[in-house]
Amino acid sequence: MPTEWFRQEFWDAAVEEAFERRLRRTRDKEQHLRIQAGHLLEAAPDVSLKLIERALAMNEPIWRSTGLVVKAEAERRLNQPRESLETLASAIDHERMSRNVRSGAALIFAKPVALEGVTAFYGKAEQALTENSSAESI
């Protein structure tokens, strides 16, 4: 089965040109940018970061926390751990304001905070995990 145009696993000039051409014609640009960014996390995290930043600039609130999780993963893969944690903290804040949206940001955030001993984020991680477990028990 051929790969959809917005789910490419590698990136080069030809793929980028085809993607941008199709993107110009689609109505839901944010969704296609976000999905493509997620598919490129491993092969091209720098491209993934650029695409997800474009998607986030479109300010679609329902997908913001998911987009921020993708951005954080791209930052982590680009060896930007502090930026990654700050982006995940933003995703958690967004989920706090939009109770119907869950991206898993709390768990993703807490793991490196705990394992790498990032004490500056201990309080935020504990709060996020507590709130997340309370929301899931409802």
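Position 25 of the sequence shown, counted from 1, bears residue number 23 in our numbering, the numbering being contiguous throughout.
For glycine and all other residues, C-beta sits at the position ideal for the given N, C-alpha and C.
Since the structure is predicted, the reported quantities are computational estimates derived from the model, not experimental observations.
| Item | Value |
| --- | --- |
| Nearest CA to the CA of ARG25: which residue from SER131, ARG100, MET56, VAL116? | MET56 |
| Alpha carbon to alpha carbon, how far is LEU31 from ARG52? Give it in angstroms, no decimals. | 7 angstroms |
| Buried or exposed: where does LEU105 fall if 16 or more other Cβ atoms within 10 Å of its Cβ makes it buried? | exposed |
| Could you name the residues of the same chain whose beta carbon sits closer than 6 angstroms to that of ILE50, not counting the 5 residues immediately before and after it, in chain order? | ALA35, GLY65, VAL68, LYS69 |
| So, is GLN125 buried or exposed, given that buried needs 16 or more other C-beta atoms within 10 angstroms? | exposed |
| For the alpha helix (DSSP H) containing SER29, name the first residue and the last one. | According to the sequence provided, residue 29 is Gln. The question's Ser does not apply to it. First-last of the alpha helix (DSSP H) with GLN29: 27 to 37. |
| When the Cα of PRO59 is compared with those of LEU113, PRO79, ARG97, which residue comes out closest? | ARG97 |
| Just the Cα atoms here: how many angstroms apart are PHE17 and TRP3? | 6 angstroms |
| Can you name, in chain order, every residue of its own chain whose Cβ lies under 6 angstroms from the Cβ of VAL99, other than the five neighbours on each side? | SER63, GLU93 |
| Look at GLU71 and GLU81 and say whether their C-beta atoms are less than 7 angstroms apart. | no |
| With 16 as the cutoff for other CB atoms within 10 Å, does SER101 come out buried or exposed? | buried |
| Output needed for LEU83: all residues of its chain with C-beta closer than 8 angstroms, excluding positions within five of it in sequence on either side, in chain order. | ALA70, PHE107, PRO110, VAL111, VAL116, PHE119 |
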